[in-house]
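**Q**
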Amino acid sequence: MTELIVIAEIAKGTIHTTTSELVTAANALGGSPIIIVPCTDASVADAAGTIAGASKVIAAKSDAFAHYDAAAWAEALDAVAPQGTILTSATPQSKDLAARLAARRNLSVVQDVVAISQNQLTSPVYSGKAMQTVAISGPAVVSVRANVFDAAPSTGSNEISVVDTTGNMATAVQEFMARASQRLDVAEANIIISGGRGMGSPDNFVHLEAIADTLGAAVGASRAAVDTWEAIPHSMQVGQTGKTVNPNLYIAVGISGAIQHLAGMRSSKYIVAINKDADAPIFQHADYGIVATWEEALPVLQSTLAGMMA
Amino acid sequence: MTKIVVLVKQVPDTNAKIVVSGDRVDLSAVKKVMSPYDEFAVETALRHRDASGGEVIALTLGGAGADKVLKDAKAIGVDHIVRIDCEEELDSNSLQSALASTLQEMGAEIVYCGKSAADTGAGSTGPGVAERLGWASASNVTSVGFDGGLTVVAPSDGGNARMSVNTPAVITCDKGDIKVRKPNVKGIMQAKKAQVEVKTAAIQPSSVTIVAHSMPPAKPAGKSYEGGAAAAEVANLLRDEANVI
Ligand SMILES: Cc1cc2nc3c(=O)[nH]c(=O)nc-3n(C[C@H](O)[C@H](O)[C@H](O)COP(=O)(O)OP(=O)(O)OC[C@H]3O[C@@H](n4cnc5c(N)ncnc54)[C@H](O)[C@@H]3O)c2cc1C
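In order, the protein sequences belong to chains A and B.
Quick note on numbering: the first sequence equals residues 312 to 621 in the numbering used here.
Quick note on numbering: the second sequence equals residues 230 to 474 in the numbering used here.
1) Please state whether DSSP places ASN389 (chain B) in a helix, a strand or coil.
2) Quick one, are the C-beta atoms of VAL248 (chain B) and ASP255 (chain B) less than 9 angstroms apart?
3) Alpha carbon to alpha carbon, how far is ALA337 (chain B) from ALA390 (chain B)?
4) Return the residue from the list A:ILE601, A:PRO558, A:ILE427 that minimises the CA-CA distance to GLY565 (chain A).
5) Is there a Cβ of chain B sitting closer than 9 angstroms to that of VAL474 (chain A), yes or no?
6) Taking the runs of the beta strand (DSSP E) that are 3 residues or longer, which of them lie wholly in the region 399-456 of chain B?
7) Determine the closest residue to ALA336 (chain A) out of A:ALA401, A:LEU609, A:ALA532, with distance taken between C-alpha atoms.
8) Using a Cβ-Cβ cutoff of 7 angstroms, what residues of the region 314-347 of chain B are near chain A? List them in chain order.
9) For GLY507 (chain A), count the other beta carbons within 10 Å of its own beta carbon; 16 or more makes it buried, fewer makes it exposed. Which is it?
10) Closer than 9 angstroms, CB to CB, is LEU466 (chain B) near chain A or not?
11) Within the continuous beta strand (DSSP E) that includes VAL317 (chain A), where are the two ends?
12) Please tell me whether ALA570 (chain A) and ALA529 (chain A) are closer than 9 angstroms, where the distance is taken between their beta carbons.
13) GLY355 (chain B) by DSSP, collapsed to three states: which one?
14) So, is the C-beta of PHE376 (chain A) closer than 9 angstroms to a C-beta in chain B?
15) Which residues mark the beginning and the end of the alpha helix (DSSP H) in which HIS277 (chain B) is found?
16) With a threshold of 9 angstroms between beta carbons, is ARG415 (chain A) in contact with chain B?
17) I need the straight-line Cα distance from SER419 (chain A) to GLY377 (chain B), nearest angstrom please.
18) So with CB distances below 8 angstroms, who are the chain C contacts of SER400 (chain A)?
19) Taking beta-carbon pairs under 9 angstroms, can you tell me which members of the region 429-446 of chain B lie near chain A?
20) I'd like the list of long-range same chain contacts for ALA295 (chain B), defined as Cβ closer than 7 angstroms, with 5 residues on each side in sequence excluded.
21) Which parts of the region 481-535 of chain A are runs of the alpha helix (DSSP H), unbroken and 4 residues or longer, counting only runs that do not cross its ends?
22) DSSP on THR475 (chain B), reduced to helix/strand/coil?
23) Go ahead and pull the three-state DSSP assignment for THR433 (chain A).
24) Just to confirm, is the Cβ distance from ASP374 (chain A) to THR351 (chain A) under 9 angstroms?
25) So, do the region 263-283 of chain B and the region 300-320 of chain B have three or more beta carbon pairs nearer to each other than 8 angstroms?
26) Checking contacts by CB at 9 angstroms: is PHE487 (chain A) closer than that to chain B?
27) Taking a contact to mean a Cβ-Cβ separation below 9 angstroms, would you say MET632 (chain A) touches PRO446 (chain B) in this structure?
28) Compare the C-beta of GLY251 (chain B) against all C-beta atoms of chain A and say whether one is closer than 9 angstroms.
29) Three Cβ pairs or more, each shorter than 8 angstroms: is that satisfied between the region 356-368 of chain A and the region 466-474 of chain A?
30) Does chain B have any CB closer than 9 angstroms to the CB of SER706 (chain A)?
31) Is ASN559 (chain A) close to chain B, meaning its C-beta is less than 9 angstroms from at least one C-beta of that chain?
32) Hey, GLY355 (chain B) and VAL340 (chain B): beta-carbon distance below 9 angstroms or not?
33) Residues of chain B with a CB under 8 angstroms from the CB of PHE516 (chain A): which are they?
34) My understanding is that SER448 (chain A) touches VAL424 (chain A), with C-beta atoms under 8 angstroms, so please give their C-beta distance in whole angstroms.
35) Measure the Cβ-Cβ separation of GLU332 (chain A) and VAL459 (chain A) and say whether it is below 9 angstroms.
36) Start and end of the alpha helix (DSSP H) containing ILE570 (chain A)?
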């Protein structure tokens with residue numbers, strides 16, 4: 312049996328909950344993983360101490376972990392992780408790290424895993440139009456999609472050790488660029504409300520923003536919206552040539568549901584569609600479909616949600 | 230003379246319907262195109278050449294059928310086109326090893342590729358090849374500058390950052406603000422006549438093998454409502470039935 316290693320997912324300086332999902336995924340591969348926490352300050356790793364189903368926690372401490380640098384992170388983590396199968400989250404950054412770590416060890420990488428059965432791993436391919444199941448023989452590096460595996464409970468008591476490590480940075484940040492908005496990015500959010508061409512004008516996105524603020528959600532957009540209106544930046548685009556998202560809840564408003572849009576969001580856990588055309592393809596993928604104009608539906612949605620959150 | 234290499238991959242047209250017959254996808258009737266993000270990589274490679282001189286070589290791995298994607302790159306303006314001849318299905322380890330050894334042999338100094346291929350969506354090739362070469366890498370890059378060293382704009386810490394990148398490097402390209410040039414008549418004529426340089430590379434055995442393809446699990450039919458007032462009920466169901474808010 313090969314050793315299992317989970318690389319903790321770090322967001323805004325703390326351990327992200329998907330780390331607990333990675334432990335469940337590792338358990339499905341047949342063992343209790345070591346959780347390695349990349350950090351500049353070892354106290355960050357404390358939160359991993361209670362994740363059940365793990366064998367122990369290593370705080371991998373290095374200045375290199377202050378900002379993501381693929382080469383340095385792979386080097387610094389490779390020095391700490393024992394040989395074995397490594398699991399990471401399937402965020403863009405962690406997929407990048409997974410690929411570099413695998414290459415460093417001359418291993419193969421399997422990305423975007425959504426199901427595990429013994430040594431067989433399943434991932435969406437062709438933008439989610441088909442699923443691919445592969446068999447791994449021996450150690451590999453595996454990235455796992457969020458919101459697929461249940462989070463391991465926080466009833467564990469793992470021993471935490473601190474290991475210093477280093478990596479040579481190959482990039483240097485010159486400037487952080489101001490974000491267009493303080494809201495979450497679609498790639499990070501657990502709830503997304505997206506608008507399409509049916510919103511009529513970029514000004515009408517304020518109605519989506521109001522709901523996003525009520526729910527702590529991100530605002531996304533279709534390509535038609537991004538291409539048509541300068542005020543809607545490409546960073547909001549969901550789909551084939553935008554971001555691939557996997558939230559718990561995706562609300563599509565005035566979006567027809569073109570195959571390239573679906574490519575970016577069809578694996579969302581729950582999908583709500585609001586569209587005035589009952590025949591819009593998005594409804595075939597919606598758990599809750601509302602045939603109505605957004606002008607009718609959004610005020611009702613907003614006031615009901617605001618009432619719930621109050 | 231800077232040797233700029235751009236990795237390109239042939240994939241099914243993103244509009245194509247994907248069918249699974251038996252337990253494999255059947256792509257025989259599907260139109261093949263250059264993977265969309267590779268188009269940004271080709272454009273960036275050409276801009277790099279235009280800014281600092283050198284030559285751009287498009288490299289792919291595949292059977293003779295993959296020559297089409299190289300000819301498409303040639304029509305847009307790359308200088309040379311090279312294919313590593315391989316019909317087999319490779320895992321990431323075998324693929325990256327073959328690419329890395331070929332890049333080394335070619336004397337590549339900078340490599341561009343798409344942030345992920347439209348078929349696998351994996352995004353492993355760029356960073357994996359960089360690691361094998363011992364190079365820097367920057368991924369999901371939306372803008373590249375060539376003045377006074379290589380600089381890129383890429384996602385960082387939940388926003389974007391401008392970063393300088395050591396060279397040699399592999400840069401994986403996302404859609405940015407750049408417009409991708411289209412082939413002109415002269416380019417298309419040149420591409421027709423262009424010779425693909427065919428290379429062989431040692432191929433390691435794969436340790437990850439495809440067991441089966443299947444269609445995505447069908448979603449049970451959702452609930453549908455008429456009229457905006459139903460939004461109130463849907464909000465309640467999101468809380469009480471779906472438990473997502
Ligand atoms: C290579 C390639 C890559 C692509 N990548 C992407 C991508 O990444 N992301 C993406 O989204 N698209 C992508 N596309 C484009 C895609 O094919 C569609 O054109 C696009 O998704 C359509 O956006 P839309 O749904 O907003 O607009 P439309 O298709 O025009 O749909 C608008 C919808 O709004 C509804 N509507 C109108 N008024 C109202 C109202 N008042 N209230 C409620 N509903 C209303 C209409 O019934 C309609 O269904 C790509 C295309 C190609 C070829």
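No residue lacks a Cβ here, since even glycine has one placed at the ideal position from N, Cα and C.
Remember, it's a predicted structure, so these values are computed and weren't measured experimentally.
**A** This is what the structure gives:
1) If DSSP states are grouped into helix, strand and coil, ASN389 (chain B) belongs with the strands.
2) yes
3) 26 angstroms
4) A:ILE601
5) Put simply, the CB of VAL474 (chain A) is far from chain B, with every gap to its CB atoms at 9 angstroms or more.
6) 426-428, 437-443, 452-455
7) A:ALA401
8) Of all residues in the region 314-347 of chain B, those with a C-beta nearer than 7 angstroms to a C-beta of chain A are ASP320, SER321, ASN322, GLN325, ALA347, reading in chain order.
9) buried
10) yes
11) 315-318 is the span of the beta strand (DSSP E), which, as asked, contains VAL317 (chain A).
12) The sequence given here places Ile at residue 570 (chain A); Ala does not occur at that position. Contact: no.
13) helix
14) no
15) 265-281
16) yes
17) Going from the Cα of SER419 (chain A) to the Cα of GLY377 (chain B) covers about 36 angstroms.
18) Absence of chain C from the displayed structure is noted, the protein chains being A and B.
19) Against chain A - using a Cβ distance shorter than 9 angstroms - the residues of the region 429-446 of chain B are GLN433, SER435, SER436, VAL437, THR438, ILE439, VAL440, ALA441, HIS442, SER443, MET444, PRO445, PRO446.
20) GLN239, THR289, ARG312
21) Within the region 481-535 of chain A, the complete alpha helix (DSSP H) runs of at least 4 residues are 516-526.
22) Only positions 230 to 474 of chain B appear in the structure, and residue 475 (chain B) is not among them; the question remains open.
23) Strand at THR433 (chain A).
24) yes
25) Contact between the region 263-283 of chain B and the region 300-320 of chain B is present, because at least three Cβ pairs lie under 8 angstroms.
26) PHE487 (chain A) counts as touching chain B.
27) In the structure as shown, chain A begins at 312 and stops at 621. Residue 632 (chain A) is therefore absent and cannot be evaluated.
28) no
29) yes
30) Any property of residue 706 (chain A) remains undetermined from this structure, which presents chain A solely from 312 to 621.
31) yes
32) Yes, Cβ-Cβ distance for GLY355 (chain B) and VAL340 (chain B) is below 9 angstroms.
33) Neighbours of PHE516 (chain A) on chain B: none; closest Cβ ~18 angstroms, over 8 angstroms.
34) The Cβ separation is near 16 angstroms, so there is no contact.
35) Remark: C-beta atoms of GLU332 (chain A) and VAL459 (chain A) approach each other more closely than 9 angstroms.
36) 570-576
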